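Participant:
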Amino acid sequence: MEQVDALARTARRVRHRDRQNRLAVFSSAISSYVRRAPAGFLGALLLASLAVLAIFAPLIAPYDPLAIDLQRAIVSPCWEHPLGTDHLGRDVLSRLLVGARASLGAAAFTVVVVTSLGVVLGTMAGFYGGWIDEIIMRLVDTVLAFPSIILALVVAGLLGPGLRNVILGLTLVRWAGCARLVRSLVLSVREREFILAARSIGSRDRRIVIRHILPSILGPVAVMATLDLGSVLLSLSGLSFIGLGVQLPQPEWGAMVNYAQLHVQTAPWLAIAPGLAIVLAVLSANLLGDTLRDLLDPRYRYVVS
Amino acid sequence: MRQYILRRLISLLPVIFGVSLITFGLMGLVPGNPAEIIASYGKEIEPSQEEIEAVQQELGLDQPIPLQYLRWLGRVVRGDLGESLLSGQSVWHEITTHLPATLELAAGGMVIGLLIALPVGILSAVWRDSVVDQISRVLALLGASVPSFWLGTILVLFFAVRLGWLPSMGRGGWKHFILPAGALGLRSSAVLMRLTRANLLEVLDEPYIRTAQAKGLARSRVILRHALKPSLLPLATMLGLQFGHLLGGTIIIEMVFAWPGLGMLITESILGRDFPVIQGFALFITVVFVSINFVVDLVCRWLDPRVQYGT
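Order-wise, the sequence lines are chains F and L. Per the numbering used here, the very first residue in the first sequence carries number -15; after that it's consecutive. Per the numbering used here, the very first residue in the second sequence carries number 3; after that it's consecutive.
(1) Taking Cβ positions, are Leu217 (chain F) and Ala28 (chain F) nearer each other than 8 Å?
(2) What residues match up with Asp75 (chain F) in a beta bridge as DSSP calls it?
(3) Report yes if the C-beta distance between Ser126 (chain L) and Asp135 (chain L) is below 8 Å; otherwise report no.
(4) Could you say which of F:His247, F:Ser200, F:Ala269 lies nearest to Ile58 (chain F) if we only look at CA atoms?
(5) Entirely within the region 9 to 83 of chain L and at least 4 residues each: give me those alpha helix (DSSP H) ranges in chain order.
(6) Round the Cβ separation of Leu37 (chain F) and Ala84 (chain F) to the nearest angstrom and send it over; I've been treating them as touching at under 8 Å.
(7) Determine which residues share a DSSP beta bridge with Ser1 (chain L) and list them.
(8) Which residues mark the beginning and the end of the alpha helix (DSSP H) in which Val292 (chain L) is found?
(9) With 16 as the cutoff for other CB atoms within 10 Å, does Asn5 (chain F) come out buried or exposed?
(10) Measuring alpha carbon to alpha carbon, tell me which of L:Leu181, L:Gly174, L:Trp176 ends up nearest Val163 (chain L).
(11) Please confirm if Val292 (chain L) has its CB atom under 8 Å from at least one CB of chain C.
(12) Which first and last residues belong to the alpha helix (DSSP H) in which Trp152 (chain L) is found?
(13) So with CB distances below 9 Å, who are the chain L contacts of Thr210 (chain F)?
(14) Excluding the 5 residues preceding and the 5 following Ile197 (chain F) in the sequence, name in chain order all residues of the same chain whose CB lies nearer than 8 Å to its CB.
(15) Can you list, in chain order, the residues of its chain with a C-beta nearer than 6 Å to that of Leu249 (chain L)? Leave out the 5 residues immediately preceding and following it.
(16) Would Thr313 (chain L) pass as an interface residue toward chain F - the criterion being a Cβ-Cβ separation below 8 Å?
(17) When the Cβ atoms of the region 264 to 282 of chain L are set against those of the region 221 to 236 of chain L, are three or more pairs found closer than 8 Å?
(18) Under 8 Å, with one C-beta from each stretch per pair, do the region 131 to 147 of chain F and the region 246 to 264 of chain L reach the 3-pair mark?
(19) Is the shortest distance between the beta-carbon of Gly184 (chain L) and the beta-carbons of chain F less than 8 Å?
(20) One question on the structure: do Val93 (chain L) and Val279 (chain L) come within less than 8 Å of each other, judged by their Cβ atoms?
(21) Check each candidate in L:Trp304, L:Leu285, L:Phe161 and name the one with the smallest Cα separation from Ile18 (chain L).
(22) Under 7 Å Cβ-Cβ, which residues of chain L neighbour Leu266 (chain F)?
(23) Cutting at 8 Å between CB atoms, please list the residues of its own chain near Arg285 (chain F), excluding the five before and the five after it.
(24) Looking only at its own chain, which residues have a Cβ that is under 7 Å from the Cβ of Leu280 (chain F), when we skip the five neighbours before and after it?
(25) Could one say the Cβ of Asn270 (chain F) lies closer than 8 Å to chain L's Cβ atoms, at least one of them?
(26) In whole angstroms, give me the CA-to-CA distance for Ser190 (chain L) and Met112 (chain L).
(27) Look at the Cβ atom of Ala192 (chain L), then the Cβ atom of Ile114 (chain L), and state whether they are nearer than 8 Å.
(28) Pro209 (chain L) versus chain F: which residues are under 7 Å apart at the beta carbon?
(29) Does DSSP put Arg243 (chain F) in a helix, a strand or coil?
(30) Val59 (chain F) by DSSP, collapsed to three states: which one?
(31) Using the beta-carbon count (16 or more within 10 Å), is Ser222 (chain L) buried or exposed?
(32) Report yes if the CB atom of Val76 (chain F) is closer than 8 Å to the CB atom of Ala257 (chain F), and no otherwise.
(33) With a 10 Å radius around its C-beta and 16 neighbouring C-beta atoms as the bar for buried, classify Tyr47 (chain F) as buried or exposed.
(34) So which residues of chain F does Leu300 (chain L) contact, with C-beta pairs closer than 7 Å?
(35) Starting from Leu159 (chain L), find everything on chain F with Cβ-Cβ shorter than 7 Å and list it in chain order.
(36) Can you list the residues of chain L that Ser221 (chain F) reaches, using a CB-CB cut of under 7 Å?
Right under this line is the structure:
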């Protein structure tokens, strides 16, 4: 009995030490990344903070973003309203915070859908080849023949205003570039020895794709998705700016810059704040994406470094 | 060369076919019955069933879809893009009257972008990791993260509202041109300057540059005479793509400056649900975009015969 107890104690101690070790390894890995790529870490940190702000926006926002108070219209930044108020007396900071949910949320959602579509179709095209490849790539070429922002604009314009339609428009346009990249990655992995090895021990297609091909292309796909987040956010706010996308009175960053146009003479802060928010978010995504790309693929070092 | 052009043209055919299919299919996105929308357009009262059917018959919307597509294609090939619901003018007329203003702006943006990007890009390659290089790195990163419409608004705020130097909207003399073209140019210079730098650095790594240096040529001469020209070639390919982006950017920035180009036309059409104009616009811009890329391709091939199709 005593022996069993001693054994259990030892086991506990070993488990504890292991956990400590793993923690140490993990934190030293993080700190080495921070040292090697401070810009990327900053981007990740900013992006995470923006996400947290967006998620908890209704709790953090000092005022109701939709509450109209004409007595307090166009108040310049002050203690009660750090970013001032708009032409209807709505608090700009609150609108900015709650608007982050529409802007960032829609952009993140679009990127997730685009990347999933691109990975599925690109993998199918690259892995199976033949007529499947032919059909998918013809479609990709055709979609890429359109200037992307214009096709998205036209699709959203025909469907009618609304955030859902803008997301749909951007998705219909952007999956193509992603699918093309994934296909080329799959093609480069498909002929490698470890795939042959997996096949020779009798793995089925499904297992090869899920267990071997997808993990090995994960890095470049993550880089692309991160960089896409920035450019999707730019397109999205551009389309909102011209009146598609989120409809009044709901706040959204691009739309806020649009309404600020009318008051640019009297209330410049209305235009400055939401624009800076867009720049900050896109900049964070680009910093993170560029850094990830540098770490994963030194071939690009000239372009960014 | 002739064979190359021919081969490229043939490879364009499926793309053009696909583009025409997608553009035709775009009308399927319109919620509701297009004939009903057209029949009721600008009228106070609901259209009668007969009126809707009359429109349907006139436009051939009662026929099977493949036949509709062929009829539509036949008209488009002859340059007939239909009529605007808002103005009653032909869509072709609407587009061609708004086109010059947009082309002017996009071209101006491109020229300004190059005027900034080339010197800065070259200098930051020559003096790698110098202050110039660091500044251009930051500028490029910022430029790639700034929405053009906001940049335009800020320029208006500063140069039109604060300083009162330049007009904030409309199209007129060169003064009206500076702010919108400047906003476009600043943004496109971000990509172009880093690309210029990257290309030049790559060429400077080549052995023949070392040869030129070894035989005692001045550094400025090596860079200007030997390195610069081949390094600009990849830039030419990029310019074609960049022009497409610029057209897209122009569409949005025209809203900021009330610039009477295609951007104004398309935003008015979208808000007014003027479907034929939207469809015609998509087709027109895409054909322009595809043609530009085709020409750029040929020019690159002509400049450097090593360039292979498909790379």
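Note that the Cβ used here is the ideal one computed from N, Cα and C, for glycine as well. These figures come from a predicted structure and were not determined experimentally.
Facilitator: Looking at the coordinates:
(1) no
(2) F:Thr69
(3) Contact annotation: Ser126 (chain L) and Asp135 (chain L) have beta-carbon atoms nearer than 8 Å.
(4) F:His247
(5) 36 to 42, 51 to 61, 67 to 79
(6) In this structure Leu37 (chain F) touches Ala84 (chain F) by the C-beta definition: roughly 6 Å separates them, less than 8 Å.
(7) Outside the displayed range of chain L (3 to 313) lies residue 1 (chain L), so it cannot be described from this structure.
(8) From DSSP, the alpha helix (DSSP H) with Val292 (chain L) extends over 277 to 305.
(9) exposed
(10) L:Leu181
(11) The structure shown contains no chain C; the protein chains it does contain are F and L.
(12) 150 to 157
(13) Simply none; closest approach about 13 Å.
(14) Thr107, Phe111, Val170, Val173, Arg174, Ile179
(15) Ala108
(16) In this prediction, Thr313 (chain L) scores a pLDDT of 39, lower than 50, which makes its location untrustworthy; the coordinate-derived value is nonetheless stated afterwards. So no, Thr313 (chain L) is outside the interface.
(17) Fewer than three beta-carbon pairs drawn from the region 264 to 282 of chain L and the region 221 to 236 of chain L are found closer than 8 Å, and the two stretches are therefore not classed as touching.
(18) yes
(19) no
(20) In contact: Val93 (chain L) and Val279 (chain L) (Cβ atoms closer than 8 Å).
(21) Cα-wise, what sits closest to Ile18 (chain L) is L:Leu285.
(22) At residue 266 (chain F) the sequence reads Val, which differs from the Leu that was named. The answer, in chain order, is Ser147.
(23) Because the pLDDT at Arg285 (chain F) is just 45, under 50, the model does not fix this residue reliably, and the point stays unresolved.
(24) The answer, listed in chain order, is Gly203, Pro204, Val207.
(25) yes
(26) 7 Å
(27) Going by C-beta atoms, Ala192 (chain L) is not nearer than 8 Å to Ile114 (chain L).
(28) Going along chain F, no residue has its Cβ under 7 Å from Pro209 (chain L), so there is no contact; the nearest lies around 18 Å.
(29) Here residue 243 (chain F) is Tyr; the residue named in the question, Arg, does not match the sequence. Three-state result, Tyr243 (chain F): helix.
(30) coil
(31) exposed
(32) yes
(33) buried
(34) Per Cβ cutoff of 7 Å: no residues; Leu300 (chain L) is ~17 Å from chain F at best.
(35) Correct list: Val248, Pro252, Ala255.
(36) Pro149
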